[in-house]
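Following: one structure in structure tokens, then a few remarks.
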Amino acid sequence: MVPIDEPVVQLTRWDGPFADDDPDANLKSDIALYSRADPMRTIRGLSESVDVPEGAIVRYVLARWASEGSSGLLEIGPSMVRRLFGVCAAADEVGTDEARLRAYAQLRQMLSWLQYPLDHPDVYDVER
């Protein structure tokens, strides 16, 4: 087997700084929060438990997390993603709190419609 140069990543703790009005402030805040944790404690335990190398588990976790957006898109579908985002984009174009509150109400209705079959699985039952 030909050896492959695998990437090496140092797990770095980070707590900023970042501005409150940074468009990525929510993500950066989460990064700072989770920086306090030692993920390798869980990785080591799982590695020992299932007899899979730590690096393979870390690769799996990163790949799974990084592709989650793509998985979500596949589940909900591109046209619904565009419809949902369109509600937000229209409210942002107006630029008022009132427009954003109307968008929230519209999104809530759309999402409740999508959630209905999850809460009422018998809705698709048909007589045979």
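Residues 874 to 1001 (our numbering) make up the sequence shown, in order.
Just so it is clear, CB atoms sit at the ideal spot from N, CA and C, and this is done for glycine as well.
In the three-state DSSP reduction, R917 falls in the helix class (H, G or I).
Across the structure, P880 and A964 are spaced so that their CA atoms are roughly 42 Å apart. I916 is classed as buried because its beta carbon has at least 16 other beta carbons within 10 Å across all chains shown. For E971, the enclosing alpha helix (DSSP H) begins and ends at 970-992. Annotated three-state conformation of D903 is helix, per DSSP. Looking at the backbone, the Cα of M983 and that of L947 are separated by about 18 Å.
Contact between A905 and G889 holds: their C-beta atoms lie close to 6 Å from each other, under 8 Å. Between D895 and K901, the CB-CB gap stays under 8 Å. Between W887 and S908, the CB-CB gap stays under 8 Å. Fewer than three beta-carbon pairs drawn from the stretch 925-945 and the stretch 971-978 are found closer than 8 Å, and the two stretches are therefore not classed as touching.
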